[in-house]
Amino acid sequence: IRRDGSSRFGSNTKWGYFPAASLGWRVTEESFMENVTDVLSDLKLRVSYGESGNNNLTEYGSIPVLADYNYSFNGTSANGQAPKSVVNPDLQWEKSRTMNYGVDFGLLQNRITGAFDIYKRKSSDLLLNVSIPQVTGFSTLFTNAGEVENKGWEFELNSRNLTGDFSWSTSFNISHNTNKVTALPNGQTEIIVPSSFDIPHSLIRVGEPILSINVVRQIGILTAEDIAAGAARYGNQTAGDAKYFDANGDGTIDGNDRVIVGHPNPDYVYGMTNNFKYKNFD
């Protein structure tokens with residue numbers, strides 16, 4: 005169990021407690037496995053549970069800070085200071101709880117070894133910059149919002165193909181992960197993620213992957229026939245411009261036609277490495 009404190013949080017929420025535990029059973033050390041150890045040289049079953057914390061936010065995110073601003077005072081520009089952002093004194097650790105089941109194995113006197121893991125992780129009190137009514141004087145608030153569930157598997161395989169003065173070994177791994185938002189605060193079903201460069205193009209919606217890409221979907225290229233048939237267009241588009249999907253069916257392409265077209269995370273991550281060695285050279 006570990007206890008971590010971060011000065012990025014308020015004094016009431018500075019500390020977090022993160023326990024973990026694991027249990028393993030090396031099956032090949034049991035007496036009933038003696039006759040198969042030449043082929044199955046290692047077999048271990050594992051189960052573990054752990055909690056971890058995330059404090060990945062800007063410095064001074066929970067205390068009031070000032071910024072320089074200009075103001076017109078009797079027709080003359082005057083310099084001054086005002087609050088830079090909304091203060092959230094209850095900002096706290098984002099927590100992740102992970103349950104993992106795994107198996108380690110070795111074959112042929114461990115010439116081939118590997119591991120397979122299945123996990124499920126629930127993250128709560130996510131640290132997110134969410135939109136707020138601009139009547140407050142600000143457009144966003146950094147706060148703890150919602151829960152996300154991740155689940156997936158990981159597989160690793162290693163082999164010693166050649167041994168001796170010249171040796172060759174191979175390692176291969178592949179993993180798959182899916183995530184979805186399971187809850188948002190105050191009964192919300194989605195949060196539009198602000199963008200500092202463009203109109204918002206990401207959202208957090210219950211039941212969808214976090215930070216789903218929410219844009220107007222291109223479905224082809226406009227032709228003269230499309231325009232003659234009354235295809236929905238963005239502004240004064242002409243033949244040869246991009247053709248977009250009219251999601252709400254109002255005959256016009258605008259920000260209301262944004263739909264989820266994907267998510268920012270890969271479906272699979274994999275790799276393979278080969279190592280060659282001749283005496284002291286590799």
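Residue numbering for the sequence shown follows this note's numbering, starting at 5 and increasing by one per position. Cβ coordinates follow ideal geometry from the N, Cα and C atoms, glycine included.
- Message: Suppose contacts are defined by Cβ-Cβ distances below 9 Å. Is G20 in contact with Q85 by that definition?
- Response: no
- Message: I want to know whether the stretch 22-32 touches the stretch 63-75 - three or more CB-CB distances under 8 Å.
- Response: no
- May I ask you to report which of helix, strand or coil DSSP gives I257? coil
- Other residues of its chain near M37: CB distance less than 8 Å, five sequence neighbours each side excluded: V31, L44 and L47
- Do I225 and T242 come within 9 Å of each other at the CB atom, strictly closer than that value? no
- Query: For F104, does the three-state DSSP call read helix, strand or coil?
  - Reply: According to the sequence as given, residue 104 is Asn; it is not Phe. The answer is strand: DSSP assigns N104 an E or B state.
- Message: Once the 5 residues before and after V91 are set aside, which same chain residues still bring their CB inside 8 Å of it?
- Response: S66, I67 and P68
- Looking only at C-alpha atoms, which of N16, F120, E34 and N60 sits nearest to R50? F120
- Using the C-alpha atoms, what's the distance from E151 back to R237? 38 Å
- Message: I'd like the list of long-range same chain contacts for T144, defined as Cβ closer than 7 Å, with 5 residues on each side in sequence excluded.
- Response: Here the set comprises N133, V134, S135, I136 and P198.
- If you run the structure through DSSP and keep just helix, strand and coil, what is N58? strand
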